[in-house]
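Novice:
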Amino acid sequence: MRYRNLYTYILTALLVSVAHQRSACGQDGEDPLDVSYEKQVLPIIKAKCFRCHGSKKQEGGLRLDLAESWLAGGDSGPAIVSGNIEENTLFQRLITSDKSSRMPLDAARLNDSELQLIRKWITEGAQGLVDVDDEEHWAFGAITRPDIPTSENFPSTHSIVDSFTTSVAHEVNRELAPSASASTLIRRLHFDLTGLPPTPEAVDSFNADFTEQDYEQLVDKLLASPAFGERWGRHWLDLARYADSTGYESDRPRQIWHYRDWVISSFNSDRPISEFILHQLAGDLLHNATPDMHIATGFHCNAMKDPGVRHEAVFDRVNTTGAVLLGLTLECAQCHDHKTDPLTQSEYYQLYAFFNTSDAVPFDLSDEATRQANAEVDNKIADVDKSLITLKEEITNTLDALIANRIKQPEGIPEGLIAIFNIPSAERSKSEINQLVTFFEKESPRFESLTEEKKQLEATRITPTTSLALRFGQRPTHLFIRGNHTQPGDEVIASAPSFLNDWTVPDGNHGSRIDLSNWITSPANPLFARVTANRIWMRLFGDPICEPENDLGIQTARPTHAKLLDYLASRLLETDSFKSIIREIVTSSTYKQSSAAKYRKGVPTGHFIGQQRLRLEAELLRDNALAASGLLVNKIGGPGVFPHQQDGILQNRATPATWTVSEVADRLRRGMYTYIWRLTPHPMVTIFDGPEMTTACTRRSRSTVAIQSLALLNDPVFVECAQALARRLLTSHETDAQRIEWMFKSCLGRNPSIDEAATIQELLEEHTELYRLNEEHIEFAIGEYNVQGMDATRHAAWVATCRTVLNLDEFITRE
Amino acid sequence: MYTQATRRMFFRSSGLGLAGVALPSLLDQEVTAASPSTPYSPKQPHIPASAKNIIFMYQIGAPSQLDMFVPKPELNKRDGEPLPESYLERANFAQIQDARPALMGTPYKFKQHGEAGHWVSELMPYTAKISDMISYVHSCEAEDTNHMFGELHMNTGWRRFGRPSLGSWVLYGLGSESANLPGFMVLRSGMHPRSKGANWGNGFLPATMQGTPMQFSGSPIFNLDTPPGFPQSSQAATVRAINKLNRKRLFENPDPSIEARIASYELAFRMQSAAPELLDLSKESAATLQMYGITDIKAPSYARNCLLARRLIERGVRFVEVFHGDWDHHTSIYQRLPNECKTTDQGSAALVTDLAQRGLLDDTLVIWGSEFGRSSVAQKSQMPGEPVGRDHHVEAFTMWFAGGGVKPGASIGQTDDIGFDSITDKYHVHDLHATMLHAVGLDHEQLTYRHQGRDYRLTDIHGNVKHELFA
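For the protein sequence lines, the chains are A and B, in the order given.
Residues in the first sequence are numbered consecutively from 1, following our numbering.
Residues in the second sequence are numbered consecutively from 1001, following our numbering.
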């Protein structure tokens, strides 16, 4: 049975069981549900038993993937005898307290609900046994380049990607949608590759009769644009859970923006993918590591941090590695063996060991002179500290004399201390001694001068520029019993899960993060290239090839386009280049398809017939408005900036946070540079489905709610964009018609239809009339963006008109 | 606040008359309820309903039922004894790691209250006073001991991300009576829920079904004010033009996402006039404010959110979820629990009383509860000297219900001597959902949505309606 058929079977079984339940409803005291073998029991058997009792291995002669071999049983006799639980070898072997014979061997006992289910299924007669395809789970098999489908019906312009999509479309008697228009395509490409809209000039230069060559030139130009690194870097930062503060309740600021900038520059320089991962997982351990390599390890320093829960950050590093680089829900094995994937709890902690040895510490990026100067200061501080210790010892040793002397003039001695003064020296407790020492220290002029000296020295210390980076340190790792860090179990050493590609390290060495990275990006690893290619596709089509994109484990059925995914994964391994894969996808006819709804009608999910319409992401909505109105300040990198935000966001925080609006140049930069207080992010992020940043965000949702429309209508930044856009078109063009045309081009990448131009003209006249009647509003409508010699009433009407266009569905959508 | 002319005024002053082209539904709905053109339009329930609306006071982090609603003399008596072996084997602790954790009684005094005779501890004096209006279920059962997944289970019926929330299922099934506010509103105080927006997300249901969260700090709804320079007439003309152009686009390309956008602009515009009135508590009587314990109407608080919940229901909103955290008292429970009770007790009780006084309680199912409860044994802190707490507990926990056809004063479900297991009338999460839907006239087996080739339900393939909860 093929996997897809199996899926249908499961569905049928499910529907049957639902029907069962309905018909049985109302019969008191009777459990209406039969246990379904395929839906409920099989997943447990698959996960727990097939490793040793499947098609490849039949330990004890028992094979559980074929219905008849269940009945035949193994060396210990039949596996099940219908109905009678006591006589069932299989069940007894699951519950026996004899660990040497309890199944699954060397792994945790099945949990109560699993056992209950199997027991119930057996007592109900062990119905529904079927032969199961025990082929390796599709995503755990080696990645090989699949045969490319061919057909004489394929047009010559077809790329390899198109051959896959078309052949599957033909299976459901469909064709790919025709290409989108030139104006839609140029806008789509700009958003997908740079996150910014095309300029009116770029729109003009890309004609409706563009050639394939024109298109590819445009693609190459955009891939070479520095904004490419910002756009794709931001995607990566979602995965990296990048933020400028520690998270948790305390949510303190941290300096790690160098990492954000490193990601941007890596995408721009098309750093080989394997190197991109290696530097992030293990840059600090590389021979002659450069500061950039240390900075790259910021990837895992982005984990939230709180004193006292260090292990939580390590858990996060393991789980993020799983979700982002392997597409596995490793966290399920924190407390017990994974329920569905063949990952044991020990294997989880073997991965944990890679990260347990390291900590996130500020990496000093300051220049040599600064470092030297600070080192000198540190030496001097150390001297003062020594003197302070000596003084403390002196006081401690002469307490009796000091007391005897001081008691003669008791003024200024705190009341509570007098009692302590009277305690005989032999009977003083540690805390009483401490209180006395502190008191006499404060009375000592030498203490005062030393403290003052230390304070002055500390003031001369130059605050160094730092970025959080991983630093290696030895630390043994133990499995945590039931996931509880205070209950350590057996010690484990760093290693990768055995069910994937082979793990080898040189003899006598423990695995390092370098080895882990090489294991992940190895062509033999079946998951990394698949999960990476899958996400690249998702960014360009809205949906991933394999759904869900963060779990390629056993529970996830082979996707419709598994071959396409394997093709892209094999290309990714060959080219080791993000830009190459992206280029290959965006130059396909599949990518260029129209996003019109009619082409997507009735298309089963996962087919990629027709493109999606995608509302721009949180940061891009603002970037787009700033760019269209000419306000965008296009500077790459640097510390986080503070654009306007609503009042009250930072109230009710445990740790106070500040938000002083940046100067113009910084205030109008791309959204990805906005400072991220993890606990209280900028409202644009929360209103428009931005990432949570508490854990890796592998995919953003896209909602449509009224508070979004309120933001686009009323948030001051969008009003300012409308004002700036109005000034731009008023100063650059003479007639209304020209201005309307230019407005459409700069905002929507196309000319207005006659009808649309008429609607805008009407709106303009309506607003001119309106401002004539409401003159007091004109000044505020124009804001800081007035134009010499322009009729103010008309000017205000133009601002209102621009506001309209900046709110169109088309303006905020990549089509 | 800038230009708060009423909507009628601006239509007059804009000089456009009522025939303004692209805003027909805006105008229709000014007086009447939602017109058939909105995605929220009211729909007929499947079965006779005992409630029209739901308010869920969601207590994030699992309040300790044993210290609030479930006195266990036996537990007090055996305080300090080790948890019996029979329990230990299957205990589902989230954090406790002692080999033999010790039973822990409660230091709080319990008394019976009202005709109903509900046992309520001294921590919840206000809730005690409304005993005769509410029904307790002490035998609720959950599955996941992890907060994040427990929250998702209680709010979406599924222990992972991706499913529609309870509120969005209700909105999908019934639509909303409110044309000027979203049909599903979310209020928050204290700590936010751990699985965040997924608790009120629409999952695979249409985007218009999702909950709209109000902010706790600053203005509850951002960007409500039209910016300076744009009189209300300008705003109206702008929204009208936006949607006129959006409709042209929709005509060329009938994509549901454009339709949803059009609806969201119309609703946003209506919210601009409806929401300030909603949020303005200055007209509430001193007696009402006193009942909720609100001293400063501008200061955000749980009690203010409870009052806002009533105002939302009055304005036709279908589902209101009031989140409050955090009850997760693993340590120092006797230092922290009294504060949390104090923060919430009066507001929760006032909401029920207030609804009753206004005749709204009959139509509104009020729910108080969390993702699970807390255990009968002490959890020792890992920090030396820090007082004990209680760990998570999924086998038995307490929720209470009021209004919406619920039998007042009932006490359902018993737990064993030490409050560990539910022994009668178990209410699994799925049963709770089936029952809540039943109250508003939705059959949990009929309320389905086809997604990826399968009909999905809030209750998956489970759930039994608990008829005994209703009068």
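Don't be surprised by glycine CBs; every beta carbon is placed ideally from N, CA and C.
Source: prediction; values computed, not measured.
#1: Applying the criterion that 16 or more other CB atoms from any shown protein chain within 10 Å of the CB defines a buried residue, is proline 342(A) buried or exposed?
#2: Between His1451(B), Leu1442(B), Tyr1449(B) and Ala1434(B), which lies nearest to methionine 1154(B) when the distance is taken from Cα to Cα?
#3: Do you know whose CA, among Pro1231(B), Gln1272(B) and His1451(B), lies nearest alanine 781(A)'s CA?
#4: Can you give, in chain order, each stretch of the beta strand (DSSP E) that sits fully within the segment 379-449 of chain A and has at least 3 residues?
#5: Would the beta-carbon of isoleucine 1418(B) fall within 9 Å of that of phenylalanine 1056(B)?
#6: Take alanine 67(A) as the anchor and find which of Ile45(A), Glu59(A), Asn84(A) and Lys392(A) has the nearest alpha-carbon.
#7: Are there 16 or more other CB atoms within 10 angstroms of the CB of leucine 806(A), so buried, or fewer, so exposed?
#8: Determine the chain B residues that contact proline 253(A) at a beta-carbon separation under 8 Å, and present them in chain order.
#9: Buried or exposed: isoleucine 493(A), going by 16 or more other Cβ atoms within 10 Å of its Cβ?
#10: Please name the residues in the segment 1224-1237 of chain B whose beta-carbon is closer than 7 Å to at least one beta-carbon of chain A, in chain order.
#11: Short of 7 Å in beta carbon distance, which residues of its chain neighbour lysine 1407(B), apart from the five on each side in sequence? Order them along the chain.
#12: Any C-beta of chain A within less than 7 Å: which residues of the segment 1242-1271 of chain B qualify?
#13: Give the single residue among Thr340(A), Lys563(A), His510(A) and Gln555(A) whose Cα lies nearest to the Cα of arginine 530(A).
#14: Tell me which residue opens and which closes the beta strand (DSSP E) that arginine 1374(B) is part of.
#15: So which residues on chain B does asparagine 434(A) lean against when the C-beta distance must stay under 7 Å?
#16: Below 8 Å on the Cβ atoms is my contact criterion, and I expect alanine 618(A) with methionine 684(A) to pass it. Report the Cβ-Cβ distance as a whole number of Å.
#17: Over what stretch of residues does the alpha helix (DSSP H) that includes proline 362(A) continue unbroken?
#18: Taking contact to mean at least 3 C-beta pairs separated by less than 8 Å, is the segment 1142-1158 of chain B in contact with the segment 1370-1379 of chain B?
#19: Just mark leucine 552(A) as buried or exposed, buried being the case when its beta carbon has 16 or more other beta carbons within 10 Å.
#20: Applying a beta-carbon distance threshold of less than 8 Å, which residues of chain A neighbour serine 1219(B)?
#21: Taking the Cβ atom as the reference point for each residue, do tyrosine 675(A) and glycine 640(A) lie within a distance shorter than 9 Å?
#22: Listed in chain order, which residues of the segment 1169-1186 of chain B have Cβ atoms closer than 8 Å to some Cβ of chain A?
#23: Going along chain B in order, which residues have a C-beta closer than 8 Å to the C-beta of alanine 711(A)?
#24: Would you please verify whether the beta carbon of proline 1470(B) is less than 9 Å from any beta carbon of chain A?
#25: Quick check on DSSP: helix, strand or coil for serine 1025(B)?
#26: Note down the Cα distance separating alanine 469(A) from leucine 281(A), rounded to an integer number of angstroms.
#27: Can you round the beta-carbon distance between serine 746(A) and alanine 628(A) to whole angstroms, since I take them to be within the 8 Å contact cut?
#28: Are the C-beta of asparagine 1202(B) and some C-beta of chain A separated by less than 9 Å?
#29: Can you tell me which of the three DSSP states arginine 252(A) falls into?
#30: Mind pulling the beta strand (DSSP E) runs of 3 or more residues that sit fully within the segment 1411-1462 of chain B?
#31: Between the alpha carbons of threonine 438(A) and threonine 396(A), how many angstroms are there, rounded?
#32: When DSSP builds the beta bridges, which residues end up paired with threonine 674(A)?
#33: Within 9 Å of any Cβ in chain A, is that where the Cβ of phenylalanine 1420(B) sits?
#34: For leucine 1442(B) and glycine 1463(B), I'd like the C-alpha separation in whole angstroms.
#35: When you compare only the Cα positions, how much space is there between alanine 569(A) and asparagine 501(A)?
#36: According to DSSP, is glutamine 280(A) part of a helix, a strand, or is it coil?
Specialist: Short version:
#1: The residue you call residue 342(A) lines up with position 342 of the first sequence. Sixteen is the threshold: when 16 or more other Cβ atoms of the shown chains lie within 10 Å of the Cβ of proline 342(A), as they do, the residue is buried.
#2: Taking the first residue of the second sequence as 1, we reach residue 1154(B) at position 154. If we check each option's Cα against that of methionine 1154(B), Ala1434(B) comes out closest.
#3: Indexing the first sequence from 1 puts residue 781(A) at position 781. The alpha carbon of alanine 781(A) has as its nearest neighbour, out of Pro1231(B), Gln1272(B) and His1451(B), the alpha carbon of Pro1231(B).
#4: Taken in chain order, the whole beta strand (DSSP E) runs of length 3 or more contained in the segment 379-449 of chain A number zero.
#5: Position 418 of the second sequence, counting from 1, holds the residue named residue 1418(B). Position 56 of the second sequence, counting from 1, holds the residue named residue 1056(B). Between isoleucine 1418(B) and phenylalanine 1056(B), the C-beta gap is not smaller than 9 Å, which leaves the two residues out of contact.
#6: Taking the first residue of the first sequence as position 1, residue 67(A) is located at position 67. Answer by Cα proximity: Ile45(A).
#7: The count along the first sequence starts at 1 and reaches residue 806(A) at position 806. In this structure leucine 806(A) is buried. Its beta-carbon is surrounded by 16 or more other beta-carbon atoms within 10 angstroms.
#8: In the first sequence, counting from the first residue as 1, residue 253(A) sits at position 253. Proximity of chain B to proline 253(A) at the Cβ level (cut-off 8 Å) is not reached, the minimal Cβ distance being about 19 Å.
#9: Within the first sequence, the letter at position 493 stands for residue 493(A). Exposed, since its Cβ has fewer than 16 Cβ neighbours within 10 Å.
#10: Listed in chain order, the positions of the segment 1224-1237 of chain B with a beta carbon within less than 7 Å of a beta carbon of chain A are Leu1224, Asp1225, Thr1226, Pro1227, Pro1228, Gly1229, Phe1230, Pro1231, Ser1233, Ser1234 and Ala1237.
#11: The residue labelled residue 1407(B) in the question sits at position 407 within the second sequence. Ser1135, Leu1469, Phe1470 and Ala1471.
#12: Here the close residues are Ile1242, Lys1244, Leu1245, Asn1246, Lys1248, Arg1249, Asn1253, Pro1254, Asp1255, Ser1257, Ile1258, Ala1260, Arg1261, Ser1264, Tyr1265, Leu1267, Ala1268 and Met1271.
#13: Here the question's residue 530(A) lines up with position 530 in the first sequence. Just measuring C-alpha positions, the residue of Thr340(A), Lys563(A), His510(A) and Gln555(A) sitting nearest arginine 530(A) is Lys563(A).
#14: One-based indexing of the second sequence puts residue 1374(B) at position 374. Where arginine 1374(B) is concerned, the enclosing beta strand (DSSP E) starts and stops at 1373-1379.
#15: By 1-based counting over the first sequence, the position of residue 434(A) is 434. Per Cβ cutoff of 7 Å: no residues; asparagine 434(A) is ~18 Å from chain B at best.
#16: Within the first sequence, residue 618(A) is the residue found at index 618, counting from 1. Within the first sequence, residue 684(A) is the residue found at index 684, counting from 1. Yes, they are in contact, since the Cβ atoms of alanine 618(A) and methionine 684(A) sit about 5 Å apart, within 8 Å.
#17: Here residue 362(A) is taken as the residue at index 362 of the first sequence, counted from 1. Proline 362(A): not part of any alpha helix (DSSP H); member of the beta strand (DSSP E) spanning 358-364, first to last residue.
#18: In short, these stretches touch, since the Cβ pair count reaches three.
#19: Taking the first sequence and counting its residues from 1, the one referred to as residue 552(A) is at position 552. Burial call: buried.
#20: Numbered from its first residue, the second sequence carries residue 1219(B) at position 219. Within 8 Å Cβ-Cβ: Gln646, Asp647 and Gly648.
#21: As a first step, residue 675(A) must be located in the first sequence, where it is residue number 675. As a first step, residue 640(A) must be located in the first sequence, where it is residue number 640. In this structure, glycine 640(A) lies closer than 9 Å to tyrosine 675(A) by Cβ.
#22: The residues in question are Pro1182.
#23: As a working note, residue 711(A) is residue 711 in the first sequence. Below the 8 Å Cβ cutoff, chain B contributes Phe1222 and Asn1223 as neighbours of alanine 711(A), in chain order.
#24: Position 470 of the second sequence, counted from the start, is the residue given in the question as residue 1470(B). Looking at the sequence itself, residue 1470(B) is phenylalanine, so the reference to proline does not match. Any Cβ of chain A closer than 9 Å to the Cβ of phenylalanine 1470(B) would place that residue at the interface, and such an atom is absent.
#25: Taking the second sequence and counting its residues from 1, one reaches residue 1025(B) at position 25. Unreliable placement is indicated for serine 1025(B), whose pLDDT of 40 sits below 50; the coordinate value is still reported in the next sentence. It is helical.
#26: Working through the first sequence from its first residue, we reach residue 469(A) at position 469. Working through the first sequence from its first residue, we reach residue 281(A) at position 281. One C-alpha to the other measures close to 10 Å.
#27: Position 746 of the first sequence holds residue 746(A). Position 628 of the first sequence holds residue 628(A). Contact between serine 746(A) and alanine 628(A) holds: CB atoms are separated by about 5 Å, below the 8 Å threshold.
#28: Reading the second sequence from its first residue, position 202 is the one you call residue 1202(B). Asparagine 1202(B) counts as touching chain A.
#29: Position 252 of the first sequence, counted from the start, is the residue given in the question as residue 252(A). Coil.
#30: Assignment of beta strand (DSSP E) within the segment 1411-1462 of chain B, counting only whole runs of 3 or more residues, yields 1448-1451 and 1454-1457 in chain order.
#31: Reading the first sequence from its first residue, position 438 is the one you call residue 438(A). Reading the first sequence from its first residue, position 396 is the one you call residue 396(A). Here the alpha carbon of threonine 438(A) sits roughly 10 Å from the alpha carbon of threonine 396(A).
#32: For this step, residue 674(A) is matched to residue 674 along the first sequence. The partner list for threonine 674(A) (beta bridge, DSSP) reads Val641(A).
#33: As a working mapping, residue 1420(B) is identified with position 420 in the second sequence. Not one chain A Cβ lies under 9 Å of phenylalanine 1420(B).
#34: Looking up residue 1442(B) in the second sequence gives position 442. Looking up residue 1463(B) in the second sequence gives position 463. For the pair leucine 1442(B) and glycine 1463(B), the Cα-to-Cα distance works out to about 13 Å.
#35: Numbered from 1 along the first sequence, position 569 holds the residue referred to as residue 569(A). Numbered from 1 along the first sequence, position 501 holds the residue referred to as residue 501(A). Alanine 569(A) and asparagine 501(A) have their C-alpha atoms some 16 Å from each other.
#36: Reading the first sequence from its first residue, position 280 is the one you call residue 280(A). Three-state DSSP puts glutamine 280(A) in a helix.
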